[in-house]
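Note that UniProt numbering gives residue 71 to position 71 of the sequence shown, counting from 1, and the numbers run on in steps of one. All residues carry an ideal CB built from backbone N, CA and C; glycine is no exception. From a predicted model like this one, the values you see are computed outputs, not experimental measurements. Reviewing the structure listed below.
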Amino acid sequence: MVSLRCKMIVKQELQNIGLHYVNVDLGTIEILENIGDHQREQLSKNLKTFGLELLDDKRKILIEKIKAVIIEMIHYTDELPKVNYSDYISEKLGYDYTYLANTFSEVKGITIQQYIIINKIERVKELLLYDELNLTEISYQLHYSSVAHLSNQFKKITGLTPSFFKKLKKKRFENIEDL
C-alpha cells in the first residue's frame with residue numbers, strides 16, 4: 001500500500017535530521033521536540049525528493065486527509081462502506097460533514113461528491129482492465145444503483161462507454177505485444 005511506503009519514508013527522513021517522532025499517520029506527524037526553521041526546510045526538501053510535500057496550512061492538510069480517506073475507501077478496500085459516504089468521511093476524520101464539504105469545495109473547486117465520482121470511475125477503469133469482473137459485478141461492488149447508472153457516469157467523465165474503453169485498452173495492449 002502506498003501510504004505504508006510514505007510512512008516509512010517520512011520516519012526515515014525524520015530520523016535523518018534528528019527528530020524523534022511519536023506518531024506518523026495519515027497526513028500528520030507527531031514529534032517530541034520543537035522543530036526549527038532549518039529542520040523544517042531540510043525535511044521539506046528531503047520529502048520533495050520522494051514526491052511528498054510538507055504542509056503547514058491546516059486547510060490543505062484537511063483536504064489531503066479527505067482525499068486520502070476517499071482514495072483508501074474506493075481503491076484499497078474490497079467493499080465500500082454500507083453507510084453513506086458523508087457519514088463515513090465525517091466519522092473517519094472527526095469533523096462535521098458540512099464543514100468538510102465546504103472546505104473541500106472552497107480549496108479544490110469541486111465537491112467531495114464529484115471527487116468521489118472521479119475516483120469511482122478510475123476504479124471502474126482498473127477493474128475493467130483486470131478483466132476479472134463483468135460490468136454488473138463492478139456496478140454492484142462500487143454501489144451503483146444499476147449498470148446503466150455506472151455506464152452513464154463513466155461516459156460523462158471519460159467520454160467513452162465502459163465497453164468501448166475496454167476494447168480500446170485491449171487493442172492497445174495487442175498492438176504493444178505485436179512490437
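- prompt: CA-CA distance, V83 and Q39?
  reply: 42 Å
task: Note down, in chain order, each residue of its chain lying with its Cβ closer than 6 Å to the Cβ of T28, except the 5 sequence neighbours on either side.
output: none
field: Closest residue to G94 among S139, Q12, L168, I66 (Cα-Cα distance)
entry: I66
message: From the DSSP secondary-structure annotation, give me the bridge partner or partners of N46.
response: According to DSSP, N46 bridges with nothing at all.
- prompt: What number of angstroms, rounded off, separates the C-alpha of residue 181 from the C-alpha of C6?
  reply: This structure cannot settle anything about residue 181, because the visible part of the chain is limited to 1 through 179.
field: Boundaries of the beta strand (DSSP E) in which E132 is found, first to last residue
entry: Where E132 is concerned, there is no enclosing beta strand (DSSP E), given that its DSSP letter is neither H nor E.
field: Limits of the alpha helix (DSSP H) - the one that N102 falls within
entry: Element bounds for N102: 97-108.
query: If we count Cβ pairs, one from each stretch, closer than 8 Å, do we get three or more for the segment 138-150 versus the segment 105-115?
result: Cβ pair count under 8 Å is below three, so no.
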